[in-house]
Amino acid sequence: MAPTITKIESREFEYPLEDVGTDEHGFNLVYEPGETTYRKLFGVKIHTDEGITGEYVGGNSPAAAQYNIIAEYLIGKDPLEREKHWSEIKRALRKYDRMGMGPIDIALWDFAGKYYDAPIHELLGTYRTEIPAYASTYHGDDAGGLDSPEAFADFAEECRDAGFGGFKIHGWGGGDASRDLGREVEAVHAVGEAVGDEMDLMHDPACELETFADALELGKACDEQDFFWYEDPFRDGGISQHAHRKLSQKLDTPILQTEHVRGLELKSDFAANDATDFLRADPEYDAGITGAIKVARVAEAFGLDIEFHAPGPAQRHCIAACRNSNYYEMALVHPHCQNTQPPVYEGGYSDMMEAVEGGTVSVPEGPGLGVDYDWGYIEENTTGEVHTYQ
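Counting from 0, one number per residue, gives the positions in the sequence shown under numbering that gives the first Met the number 0.
Set out below in structure tokens:
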């Protein structure tokens, strides 16, 4: 008899980030001594009649709002029919952003790995088990942390000494007073001159730059310092194929886009229309491991590399199954405050800077995601209603 899904649970919880606040608009996380920011995530469990539970911790409120649609469909279904479920749910959520697909699909993959007693990367087809990592910074601040071009350069040297092969700048954001293009350009040169001969360098303004002209000016600075990629520069939101094709034509630095483009077809269009030099994927954002791997295979077909957004066990399994991926994003890192990793892992799994050894991170080898979640911590820090579907 095939296994059957009997119940799905979703639990919202929060955890503290010490010495972390937000910029004046409240969107970007920044270093702020003495401040505590509480971040909310969701723990998902998919129960089956086999006594095996698929689990995932992550996601966000927009995703969780779609779980009720997904869960009602999945109850009573075979959890191993991931491709069938992916197709049906994708159609059902056609009017929405489909963010709810990601955590559920990852939990289904976790079930499958446990069911077959294999890590997810083996089910996908293992290419490697050690992945090079780059340091991806918090946004620039004005609080004594990453508060100057020199501070970014000093931290880049620290990351180099810790074994990272790459370093990515997230520049300053917030209000008009913080958006100083000259300071952004100076940071590119300071970091390039400090470690450019020893590390691959990236810049991600996170769509903070106001105009195409701003994006072009900062991109030319990246050209001068031979940056590895230039990501999501300006206020188009990272979604305009035309704008990024034009930008790419005027720069030597490769463009990395599609973090904010949802769906296999739209990402494929970016590649087909020369609007990006790398494709971006995230198993949370891009309809799970199923969706992210589809994007990775499209990238390979176009002769492009796939770079996965953010750290996490699902990302590690995806990268382990991809030949055409260069780096694991260790994010967000800072010289004076903690990474944003939630304190929910038992055992040896970590996405703190110290987890990088010899410039790489390892892929979990246990069944499924290969991580054990601290459900006691999650339950003790529950902040919202626990939703149960059965």
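No residue lacks a Cβ here, since even glycine has one placed at the ideal position from N, Cα and C.
Per DSSP, residue 330 forms a beta bridge with which residues?
Locating residue 330 in the sequence shown gives position 331, counting from the first residue. 135.
Assign residue 308 to one of three DSSP states: helix, strand, or coil.
On the sequence shown, residue 308 is found 309 positions in, with the first residue counted as 1. If DSSP states are grouped into helix, strand and coil, residue 308 belongs with coil.
Give a yes or no on contact between the segment 279-286 and the segment 245-262, applying the rule of three or more CB pairs nearer than 8 Å.
yes
For the segment 13-22 and the segment 58-72, state whether three or more C-beta atom pairs, one from each stretch, are separated by less than 8 Å.
no
Since residue 126 is in the alpha helix (DSSP H), which residue starts that stretch and which ends it?
The residue given as residue 126 occupies position 127 in the sequence shown. First-last for residue 126: undefined, no H or E at that position.
Suppose you measure from the CA of residue 297 to the CA of residue 267; what does that come to, to the nearest Å?
By one-based count along the sequence shown, residue 297 stands at place 298. By one-based count along the sequence shown, residue 267 stands at place 268. Each residue's alpha carbon lies about 7 Å from the other.
According to DSSP, is residue 390 helix, strand or coil?
Residue 390 falls outside the range modelled here, since the chain spans only 0 to 389, and no answer is possible.
Determine, using beta carbons only, whether residue 223 and residue 167 come nearer to each other than 9 Å.
Here the question's residue 223 lines up with position 224 in the sequence shown. Here the question's residue 167 lines up with position 168 in the sequence shown. No.
In angstroms with no decimal places, state the Cα-to-Cα distance between residue 180 and residue 213.
Taking the first residue of the sequence shown as 1, we reach residue 180 at position 181. Taking the first residue of the sequence shown as 1, we reach residue 213 at position 214. So the two alpha carbons sit approximately 7 Å from each other.
Residue 169 (DSSP reduced to helix, strand or coil):
Here residue 169 refers to the residue found at position 170 when the sequence shown is read from its first residue. Reduced to three states, the DSSP call for residue 169 is strand.
Less than 6 Å between C-beta atoms, sequence neighbours within five positions excluded: which residues of the same chain meet that for residue 253?
Position 254 of the sequence shown, counted from the start, is the residue given in the question as residue 253. Same-chain partners within the cutoff: 228 and 276.
If you reduce the DSSP assignment to three classes, tell me which class residue 60 lands in.
For the purposes of this step, residue 60 is taken as residue 61 along the sequence shown, with counting starting at 1. Note: residue 60 maps to helix in three-state DSSP.
Residue 367 (DSSP reduced to helix, strand or coil):
Locating residue 367 in the sequence shown gives position 368, counting from the first residue. Secondary structure at residue 367: strand, using DSSP grouped into helix, strand and coil.
For the segment 116-134 against the segment 91-100, do three or more pairs of beta-carbon atoms, one drawn from each stretch, fall closer than 8 Å, so that the two count as touching?
no
Could you give the distance in angstroms between the alpha-carbon of residue 187 and the alpha-carbon of residue 144?
The residue you call residue 187 lines up with position 188 of the sequence shown. The residue you call residue 144 lines up with position 145 of the sequence shown. Rounded to whole angstroms, residue 187 to residue 144 spans 17 Å at the Cα level.
Classify residue 284 as helix, strand or coil using the three-state DSSP reduction.
Against the sequence shown, residue 284 aligns to sequence position 285. In the structure shown, residue 284 sits in coil (DSSP, three-state: anything other than H, G, I, E or B).
So, do the segment 70-85 and the segment 307-315 have three or more beta carbon pairs nearer to each other than 8 Å?
no
Three or more beta-carbon pairs under 8 Å between the segment 125-141 and the segment 325-335, yes or no?
Taking 8 Å as the limit for Cβ pairs, the verdict is that the segment 325-335 does touch the segment 125-141.
Quick one: does the C-beta of residue 277 sit closer than 8 Å to a heavy atom of the ligand MN?
The ligand MN is absent from the structure shown, which contains no ligands of any kind.
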